[in-house]
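*Asks:*
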Amino acid sequence: MSERDVKYYRQLSKQFEIKEKLFDEKEDYYELEGAKASYQQRQASDKASHSEQMIKVNKLKEEGKADKALKLEVKVKKKEAEIAKYKQTISNIQKKIDKKKLDVRKIEDELEKMESQLRTDFADKFTQM
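Here the numbering used here is used: the first residue of the sequence shown is 3, the next is one more, and so on.
This is how it looks when you write it as structure tokens:
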């Protein structure tokens with residue numbers, strides 16, 4: 003094997019390493035998107051439950067059942083805390099997603115540059131294929 007061939011196969015090897023890295027980053031990205039969707043679904047469910055409980059609290063207050071309303075209000079406050087926690091978690095996940103998007107884009111650019119370089123340096127290899 004000539005030195006030129008060795009150089010070609012080394013660059014191909016690097017290219018495959020970059021593709022593997024890209025695959026891993028995209029996999030992480032999709033996992034984060036899934037986690038975000040899951041938290042958004044929980045948040046929506048809790049918001050609906052919160053709204054229902056608030057309606058019950060108001061009805062109980064109107065009916066003069068302040069004790070029951072007070073107990074239910076405590077549950078409502080806990081629900082509000084959970085909703086705020088979900089919102090914060092979703093925000094943190096979104097930050098990670100944005101970072102992953104940048105990482106993926108950088109790797110894609112690096113891969114594109116390497117493929118272009120390979121085609122330029124070893125054009126004869128591509129015409130043989």
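Ideal Cβ positions, reconstructed from N, Cα and C, are used throughout, including at glycine. Keep in mind that this is a model prediction, so the values were computed, not measured.
(1) Assuming Lys127 and Tyr10 form a contact by the criterion Cβ under 8 Å, report the distance between their Cβ atoms to the nearest whole angstrom.
(2) Should the stretch 20-31 be called in touch with the stretch 103-115, which here means at least 3 C-beta pairs below 8 Å?
(3) If you compare alpha carbons, which of Ser47, Arg44, Leu14 and Ala71 is closest to Met56?
(4) Since I believe Met116 is in contact with Lys38 (beta carbons under 8 Å), could you give me their beta-carbon distance rounded to a whole number of angstroms?
(5) Could you tell me the boundaries of the alpha helix (DSSP H) in which Ser15 lies?
(6) Alpha carbon to alpha carbon, how far is Lys63 from Asp48? Give it in angstroms, no decimals.
(7) Does the Cβ of Lys89 have 16 or more other Cβ atoms within 10 Å, making it buried, or fewer, making it exposed?
*Replies:* A quick look at the data gives this:
(1) Along the sequence shown, one-based indexing puts residue 127 at 125. Along the sequence shown, one-based indexing puts residue 10 at 8. Indeed, because the Cβ distance is near 6 Å, the residues count as touching under 8 Å.
(2) yes
(3) Taking the sequence shown and counting its residues from 1, one reaches residue 56 at position 54. Nearest C-alpha to Met56: Ala71.
(4) Counting from one through the sequence shown, the residue named residue 38 turns up at place 36. Counting from one through the sequence shown, the residue named residue 116 turns up at place 114. So it is not a contact: roughly 31 Å between Cβ atoms.
(5) Along the sequence shown, read from residue 1 onward, the residue named residue 15 stands at position 13. Here the alpha helix (DSSP H) through Ser15 covers Glu5 to Glu64.
(6) Here residue 48 refers to the residue found at position 46 when the sequence shown is read from its first residue. Here residue 63 refers to the residue found at position 61 when the sequence shown is read from its first residue. Their backbone Cα atoms lie some 22 Å apart in a straight line.
(7) In the sequence shown, counting from the first residue as 1, residue 89 sits at position 87. Lys89 should be labelled exposed.
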